[in-house]
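A.B. asks:
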Amino acid sequence: MAITRFKALELAQSRANTHVKLPTEKVTDYYGSMTFNDEVMRSLLSPEAYLKINTAINSGTKIDRDAADEVAAAMKSWAISKGATHYTHWFQPLTGTTAEKHDSFFDIDLSTGKAVEKFKGSALVQQEPDASSFPNGGIRSTFEARGYTGWDPSSPAFIMENAAGTATLCIPSVFVSYTGEALDYKTPLLKSIELVDKAATAVIKDFFNRDISKVIPTLGAEQEYFVIDEALFNARPDLMMAGRTVFGHAPAKGQQLEDHYFGSIPNRVNSFMVDFEIEAMKLGMPVRTRHNEVAPAQFEVAPTFEEANLACDHNALLMDLMSKVASKHKLKVLFHEKPFAGINGSGKHNNWALATDTGINLLAPSSKPKENLRFLTFFVNTLKAVHDHADLLRASIASAGNEHRLGANEAPPAIVSVFLGSTMSQVLDEMENMSDLDDIHLEKGDNVYLKLGINKIPSLILDNTDRNRTSPFAFTGNKFEFRAVGSSANSAAPMTILNTIVADQLIIFRKEVEVILEKGIKKELAIMEVLKKYVKESKKIRFEGNGYSEEWVEEAAKRGLSNL
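Pasting the structure below:
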């Protein structure tokens, strides 16, 4: 074993930096060039077909056969022009990785015997892979093998280049059983997105702005990972089989000097980063940030936030892409949450918010008191949802690797709590102590927002809130950061739960406000009365201190919070 390791070290140290061929165009010129995006559809489809597809994407309406055939023909021509020879329904089964079955465009015209290229609307819309060999949570028997993949038009199809020099048209899809049960991560996510859209839009239309027609959950997933030389990886059977080391001794130098974080990126790793970022940009993934993380050989890539479904697809695709590009550089990417003992593990911080179709971030404070009442509505309801369903959130991030990482004085603890920062904590404390509804008397001309104290919220609290890296769920000024998600996880799982519990809470909130409104109470007072109740009921989930401390474990037990 020692000889193998010495040889691996010698090989790793002798490797030259892999040359990366840089595009001659600007990023803005080649961004999304390998995706069948809106611009491509507009140029290749008839106005009628384009309108049908656009309506299906935005409103969830069904796509008729004629439109599907036209899209398939355009998609085939476009894909072949990009070098594609095959197509696949690209889906995300419960294995935690992506799945694909490649079928060729090639076919034989039986009437002439000539070779032709075919891709019909029926093949675009639905495929039938065997479902018996995928995880299903025990809801199906082995002999129940039929499963269906269905095209998700809201996530653009893309061209994935292969090592052999060919390319495949990948069509993002859902994966369901013959009887309709979800067998993947995407299907429940899409349902949760639709649910939170309906619930949030109803609240806004009833209480704030009737011009809003859609609410979209957004996500930015910060991906942490380790990179090691391929030879060193192959010299460790434990790494090869488990993705983590299970024996060995600590290195002479770990992260004690805290000199790796934000340090100079090693040349080979930097070349690898540049290489996969170029490919990611071509595939329409808006990666923006790269840096060294805390542990030796640990790094991070972060994108611009996107609509949640697209962001989850892009993160799953990015992980696959990184692994493929790494092999060109004789490197290995480790997404395991805790690949090495004694140093930090890796997470995937999920930055979640709600945005309207007009571009308003519902979790961003404003300088206008009326807009701040809307902000408080969604802010407090999210807090209440996490309080009431902390067990579901905790379950959504549970995995063997993540359980090994959580609570290890480097990652958020296993106790779900919410960090708000001093500014918002003070705002909620004042809400809790405000006068009862019956004690607030409004005269004609009174400013209701001044009476309710809503005008005290600063419009920019990004810098008024410290960062608490020990909190699993933190408010960071205009979004909530779910920091406890594991690095290898599919973000769709925690996002499905978060969307669902917030939607459920907004439905309850709307009903409770309507009950008060029926008594003839002013709308703003009714909203604040319900929010005040929620602030009191959810207070025990709020924690501003050190989540690593033993004192917090004891305090959480007193509060009745689960420590799973």
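The opening position of the sequence shown corresponds to residue 1 in our numbering, with each subsequent residue numbered one higher. Even glycine gets a Cβ: it sits at the ideal position worked out from N, Cα and C. Source: prediction; values computed, not measured.
#1: Pull up the distance between the alpha-carbon of Glu371 and that of Ala200, whole angstroms please.
#2: Looking at C-alpha atoms only, which residue of Ser396, Ala163, Tyr148 is the closest neighbour of Tyr178?
#3: Let me confirm a value: Glu550 is counted as buried when at least 16 other C-beta atoms fall within 10 Å, else exposed. Which label applies?
#4: Counting only runs that start and end within the segment 19-95, where is the alpha helix (DSSP H) found for 4 or more residues in a row?
#5: Work out the CA separation of Thr476 and Leu462 for me, nearest whole Å.
#6: Quick check for students: name the residue ranges of the beta strand (DSSP E) that lie wholly in the segment 152-218, counting only runs of 3 or more.
#7: Span of the alpha helix (DSSP H) holding Val386?
#8: By DSSP's criteria, Lys332 is part of a beta bridge. Which residues make up the other side?
#9: Could you tell me whether any Cβ in chain C is nearer than 8 Å to the Cβ of Lys479?
#10: What span of residues does the beta strand (DSSP E) with Asp109 cover, start to end?
#11: Whose CA, out of Thr61, Leu420, Ala252, lies closest to the CA of Pro153?
#12: Mind checking Ala164: buried by the 16 CB within 10 Å criterion, or exposed?
#13: Do Phe419 and Asn361 have their CB atoms nearer than 8 Å?
#14: Measure how close the beta-carbons of His389 and Glu481 come, nearest whole angstrom, since I'm counting them as under 8 Å.
#15: Do you know how far the Cα of Thr470 is from the Cα of Asn402?
#16: Rounded to a whole number of angstroms, what is the C-alpha to C-alpha distance between Pro412 and Tyr548?
#17: Evaluate Ala8 with the Cβ neighbour count: other Cβ atoms within 10 Å of its Cβ, from every protein chain shown; 16 or more gives buried, anything less gives exposed.
#18: Excluding the 5 residues preceding and the 5 following Leu124 in the sequence, name in chain order all residues of the same chain whose CB lies nearer than 8 Å to its CB.
#19: Between the alpha carbons of Lys540 and Leu190, how many angstroms are there, rounded?
#20: Count the C-beta pairs between the segment 497-512 and the segment 393-400 that are closer than 8 Å, then say yes if the count reaches three, no if not.
#21: Quick one: is Ala385 buried, meaning 16 or more other Cβ sit within 10 Å of its Cβ, or exposed?
#22: Going by C-alpha distance, which of Ile527, Phe233, Asn433 is nearest Thr4?
#23: Within 10 angstroms of the Cβ of Ile108, are there 16 or more other Cβ atoms? Answer buried if so, exposed if not.
#24: Under 8 Å by Cβ, that's how I've got Arg510 and Asp206 pegged, so tell me the actual separation to the nearest angstrom.
#25: Here's the rule: buried if 16 or more other CB atoms are within 10 angstroms of the residue's CB, otherwise exposed. What is Asn381?
#26: So, at 6 Å on beta carbons, what are the nonlocal neighbours of Arg405 in its own chain, with the 5 sequence-adjacent residues on each side left out?
#27: How many angstroms separate the CA atom of Ile228 from the CA atom of Val325?
#28: Measuring alpha carbon to alpha carbon, tell me which of Tyr87, Thr112, Val427, Phe91 ends up nearest Phe106.
#29: Please state whether DSSP places Pro303 in a helix, a strand or coil.
#30: Touching or not, the segment 48-61 and the segment 253-266, by the rule of three or more beta carbon pairs under 8 Å?
#31: What's the C-alpha gap between Asp446 and Leu376?
#32: Quick one: grab the DSSP three-state call for Ile497.
#33: On the DSSP bridge assignment, give the partners of Trp352 in chain order.
#34: Should Asp184 be labelled buried (16 or more other beta-carbon atoms within 10 Å of its own) or exposed?
#35: For Thr149, does the three-state DSSP call read helix, strand or coil?
#36: Helix, strand or coil, according to DSSP, for Asn490 in the structure here?
C.D. replies: With the given structure in hand:
#1: By one-based count along the sequence shown, residue 371 stands at place 371. By one-based count along the sequence shown, residue 200 stands at place 200. So the alpha carbons of these two residues sit roughly 15 Å apart.
#2: Counting from one through the sequence shown, the residue named residue 178 turns up at place 178. Among Ser396, Ala163, Tyr148, the Cα nearest to that of Tyr178 is on Tyr148.
#3: Walking along the sequence shown from the start, residue 550 turns up at place 550. Its Cβ having fewer than 16 others within 10 Å, Glu550 is exposed.
#4: 27-30, 38-44, 47-59, 65-81
#5: The residue you call residue 462 lines up with position 462 of the sequence shown. The residue you call residue 476 lines up with position 476 of the sequence shown. The predicted position of Leu462 is uncertain, since its pLDDT is 46 and thus under 50; a value taken from the coordinates is nonetheless stated next. Straight-line Cα distance between these residues: approximately 6 Å.
#6: 158-161, 167-177
#7: Along the sequence shown, one-based indexing puts residue 386 at 386. Residues 369-388.
#8: Residue 332 sits at position 332 when you count from the first residue of the sequence shown. According to DSSP, which records beta bridges pairwise, Lys332 is partnered with Ile228.
#9: Absent from the structure: chain C. Only one protein chain is present.
#10: Reading the sequence shown from its first residue, position 109 is the one you call residue 109. Looking at the DSSP string, the run of the beta strand (DSSP E) that includes Asp109 is 106-109.
#11: The residue labelled residue 153 in the question sits at position 153 within the sequence shown. Looking at the Cα atoms, Thr61 is the closest of the given residues.
#12: Stepping through the sequence shown from its first residue, residue 164 is reached at position 164. Exposed, since its Cβ has fewer than 16 Cβ neighbours within 10 Å.
#13: Taking the sequence shown and counting its residues from 1, one reaches residue 419 at position 419. Taking the sequence shown and counting its residues from 1, one reaches residue 361 at position 361. For Phe419 and Asn361, no; Cβs fall outside 8 Å.
#14: Taking the sequence shown and counting its residues from 1, the one referred to as residue 389 is at position 389. Taking the sequence shown and counting its residues from 1, the one referred to as residue 481 is at position 481. Actually they do not touch by this definition, with Cβ atoms about 18 Å apart.
#15: The count along the sequence shown starts at 1 and reaches residue 402 at position 402. The count along the sequence shown starts at 1 and reaches residue 470 at position 470. Going by the C-alpha atoms only, they are around 15 Å apart.
#16: Within the sequence shown, residue 412 is the residue found at index 412, counting from 1. Within the sequence shown, residue 548 is the residue found at index 548, counting from 1. If you take the alpha carbons of Pro412 and Tyr548, they lie about 8 Å apart.
#17: What you label residue 8 is simply residue 8 of the sequence shown in a count that begins at 1. Ala8 comes out buried.
#18: As a position in the sequence shown, residue 124 is number 124, starting the count at 1. Closer than 8 Å at the Cβ level, and outside the excluded window around Leu124, lie Ala68, Val71, Ala72, Met75, Trp151, Ile171.
#19: The count along the sequence shown starts at 1 and reaches residue 540 at position 540. The count along the sequence shown starts at 1 and reaches residue 190 at position 190. Distance between the alpha carbons of Lys540 and Leu190 is about 31 Å.
#20: yes
#21: The residue given as residue 385 occupies position 385 in the sequence shown. Label assigned to Ala385: buried.
#22: As a first step, residue 4 must be located in the sequence shown, where it is residue number 4. Of Ile527, Phe233, Asn433, the residue nearest in Cα terms is Phe233.
#23: For the purposes of this step, residue 108 is identified with residue 108 of the sequence shown, where counting begins at 1. Classification of Ile108: exposed, given that the 10 Å Cβ count is below 16.
#24: Here the question's residue 510 lines up with position 510 in the sequence shown. Here the question's residue 206 lines up with position 206 in the sequence shown. Confirmed, about 6 Å.
#25: On the sequence shown, position 381 is the one that residue 381 refers to. Buried.
#26: If you number the sequence shown from 1, residue 405 lands on position 405. Same-chain partners within the cutoff: Glu337, Lys338, Gly345, Ala411.
#27: By 1-based counting over the sequence shown, the position of residue 228 is 228. By 1-based counting over the sequence shown, the position of residue 325 is 325. Answer to the nearest angstrom: the Cα atoms are 13 Å apart.
#28: Taking the sequence shown and counting its residues from 1, one reaches residue 106 at position 106. Of the candidates Tyr87, Thr112, Val427, Phe91, the one whose C-alpha sits nearest the C-alpha of Phe106 is Tyr87.
#29: Translated into the one-based positions of the sequence shown, residue 303 becomes position 303. The answer is strand: DSSP assigns Pro303 an E or B state.
#30: no
#31: For this step, residue 446 is matched to residue 446 along the sequence shown. For this step, residue 376 is matched to residue 376 along the sequence shown. The pLDDT assigned to Asp446 is 43, lower than 50, so where the model puts this residue is not dependable; a value taken from the coordinates is nonetheless given after this. One C-alpha to the other measures close to 21 Å.
#32: Translated into positions along the sequence shown, residue 497 becomes position 497. Reduced to three states, the DSSP call for Ile497 is helix.
#33: As a position in the sequence shown, residue 352 is number 352, starting the count at 1. Answer is Leu219, Phe480, bridged to Trp352.
#34: Start at 1 with the first residue of the sequence shown, and residue 184 comes out as number 184. Asp184 comes out buried.
#35: Against the sequence shown, residue 149 aligns to sequence position 149. Here Thr149 sits in strand by DSSP.
#36: Looking up residue 490 in the sequence shown gives position 490. Correct three-state label for Asn490: coil.
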